[in-house]
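For the sequence shown, position 27 (counting from the first letter as 1) is numbered 26 according to numbering that gives the first Met the number 0, and the numbering increases by one without interruption.
Heads up, the beta-carbon is just placed ideally off N, CA and C, and yes, glycines get one too.
Keep in mind the model is a prediction, meaning the values are calculated, not measured.
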Amino acid sequence: MDEQAVRAAYAQSSGLGLCLRAVDVERAHEAIGLALSEDFLTQYRMRAARIVFANGAREAALAIEELAFSVRTDRALGGSIARV
């Protein structure tokens with residue numbers, strides 16, 4: 000199940016967003032005002048610019064490839080080949 004509330008809370012705690020739950024609807028005006036403020040937008044832009052995007056699938060594939068094609072050097076090659 001998608002945990003949007005958890006992601007929103009994380010975004011708020013990291014300064015990359017605001018979290019407004021349905022039970023906090025009375026704070027909507029305050030949250031919108033904050034979201035539109037120059038100070039918040041400046042901080043948001045600064046933090047967003049520091050985000051580094053990485054492709055975890057590519058990194059995992061490279062690690063698996065390295066393991067699959069590695070040869071042990073601490074014993075004879077015959078001891079490293081899998082037996083089926």
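query                                                                                                    : result
Is the stretch 23-31 touching the stretch 55-68, taking contact as three or more C-beta pairs under 8 Å? : no
Less than 8 Å between the beta carbons of Leu-17 and Ala-34, yes or no?                                  : yes
Return the residue from the list Ala-47, Val-24 and Asp-23 that minimises the CA-CA distance to Gly-14.  : Ala-47
By the DSSP assignment, the alpha helix (DSSP H) with Phe-39 in it spans what residues?                  : 37-48
Please state the DSSP three-state secondary structure of Ser-69.                                         : coil
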